[in-house]
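So that you can map any letter, position 177 of the sequence shown is 239 in our numbering, and since no number is skipped, the others follow by simple counting.
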Amino acid sequence: MLNDTYRHKGMRRKLVELLRSKGISDEAVLEAIDRVPRHLFLDNAFINFAYKNQAFPIGSDQTISHPFTVAFQTQLLELKPKDKVLEIGTGSGYQCSVLMEMGVKVLSIERHRSLHMKSKKMLNSLGYFPKVFFGDGFKGQPSYAPFDKIIITAAAPFIPEDLKKQLKVGGFMIIPLGESEKQEMQRLTKVSETEFKIETYGEFSFVPMLQDKSFKS
Ligand code: SAH
63 MLNDTYRHKG MRRKLVELLR SKGISDEAVL EAIDRVPRHL FLDNAFINFA
113 YKNQAFPIGS DQTISHPFTV AFQTQLLELK PKDKVLEIGT GSGYQCSVLM
163 EMGVKVLSIE RHRSLHMKSK KMLNSLGYFP KVFFGDGFKG QPSYAPFDKI
213 IITAAAPFIP EDLKKQLKVG GFMIIPLGES EKQEMQRLTK VSETEFKIET
263 YGEFSFVPML QDKSFKS
């Protein structure tokens, strides 16, 4: 079942070259993408397309992000070996695996119970053991804070206050911000307890980060 063949490895190599040609220059990120078997995070019907630079459905009306988006957000995190990283939107678990391959400590939150269960199983079967939570990303994980880095993988309507609090001074939050079809990728640096520096990195398209209280099963 968990089959990573030479053919898949070859397709991944090509994907890595494509990402390099599109401007991903962090070798550690490219190596992580090269190691994670993305095809295993997709439904069977899409396996042959897994290494195209495309987003795909992963069930529950959600999508696995484009490889370029995953690589781009990961690169913006500028990860260091002992970083503690909080991901919002576990989804398929693919971005989470790429973070695990970067050798950092990862915590990830998902609001769909079925995706939470499914991605946890897949992550563990591939030998990745991040801390995964079924819960609301807007609230973060206060008992594990502060975080060196926070990565949001759904379109955020605003910058969540709780996540700002849970970020370390000097840390980054990568957030696709906006409520329309396209969002602006921003990197917030927490300069002091109350000040944030904002850098912008162009338009991306994510499924929405949802705020309703009722979690989905
Ligand atoms: N990182 C994922 C991308 C998944 S798409 C991957 O690599 O596959 C975004 C995910 O964010 C969806 O699974 C969606 O259910 C989840 N999400 C949306 N709003 C959320 C919230 N408030 N808290 C936690 N997860 C949320």
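Glycine included, C-beta positions come from ideal geometry on N, C-alpha and C. This one's a predicted model, so the numbers in the text were calculated from it and none came from an experiment.
In the DSSP assignment, find the beta strand (DSSP E) that holds residue i and state where it starts and stops.
i, result
"Glu257", "Counting along the chain, Glu257 falls outside any beta strand (DSSP E), and DSSP gives it neither H nor E."
"Glu4", "A question about residue 4 goes unanswered here, because the residues of the chain that appear run from 63 up to 279."
"Lys193", "193-196"
"Gly240", "Neither: Gly240 is in no beta strand (DSSP E) and is coded neither H nor E."
Could you name the residues of the same chain whose beta carbon sits closer than 8 Å to that of residue i, not counting the 5 residues immediately before and after it, in chain order?
i, result
"Ser122", "His174, Ser176, Leu177, Lys278"
"Tyr156", "Val98, Arg100, Phe103, Ile126, Ser127, Val132"
"Glu241", "Ala217, Pro219, Pro270"
"Val147", "Leu139, Leu141, Leu161, Val166, Lys167, Val168, Leu169, Phe209, Asp210, Lys211, Ile212, Ile213"
Identify whether residue i lies in helix, strand or coil by the three-state DSSP scheme.
i, result
"Gly121", "strand"
"Val220", "First, the residue type needs correcting, since residue 220 is Phe and not Val in the sequence shown. DSSP places Phe220 in coil when its eight states are reduced to three."
"Val78", "helix"
"Pro208", "coil"
"Phe266", "strand"
"Leu60", "The question about residue 60 has no answer here: the residues shown for the chain are numbered 63 through 279."
"Lys114", "coil"
"Ile109", "helix"
"Gly232", "strand"
Ignore the nearest five residues each way along the sequence and tell me which others in residue i's own chain have a CB closer than 7 Å to its CB.
i, result
"Lys201", "Asp224"
"Val25", "Residue 25 is absent from the model: the chain starts at 63 and stops at 279."
"Glu163", "Ala94, Arg97, Val98"
"Pro192", "Cys158, Met162, Val168, Leu169, Ser170, Leu185"
"Asn232", "First, the amino acid is wrong: residue 232 is Gly here, not Asn. Lys252, listed in sequence order."
Please report the residue range of the alpha helix (DSSP H) in which residue i lies.
i, result
"Lys201", "From DSSP, Lys201 is part of no alpha helix (DSSP H); its letter is neither H nor E."
"Ile95", "89-97"
Give me, in chain order, the residues of the same chain whose beta-carbon lies closer than 6 Å to that of residue i; leave out the 5 immediate sequence neighbours on both sides.
i, result
"Ile171", "Ile150, Phe195, Gly197, Gly199"
"Ile214", "Ile150, Ile237"
"His70", "His101"
"Phe108", "Phe118"
For residue i, is the beta carbon positioned less than 7 Å from some heavy atom of the ligand ADP?
i, result
"Ser154", "For the ligand ADP, the structure offers nothing, since it holds only the ligand SAH."
* **Contiguous alpha helix (DSSP H) assignments of at least 4 residues, all confined to the segment 134-175** => You should have 156-163.
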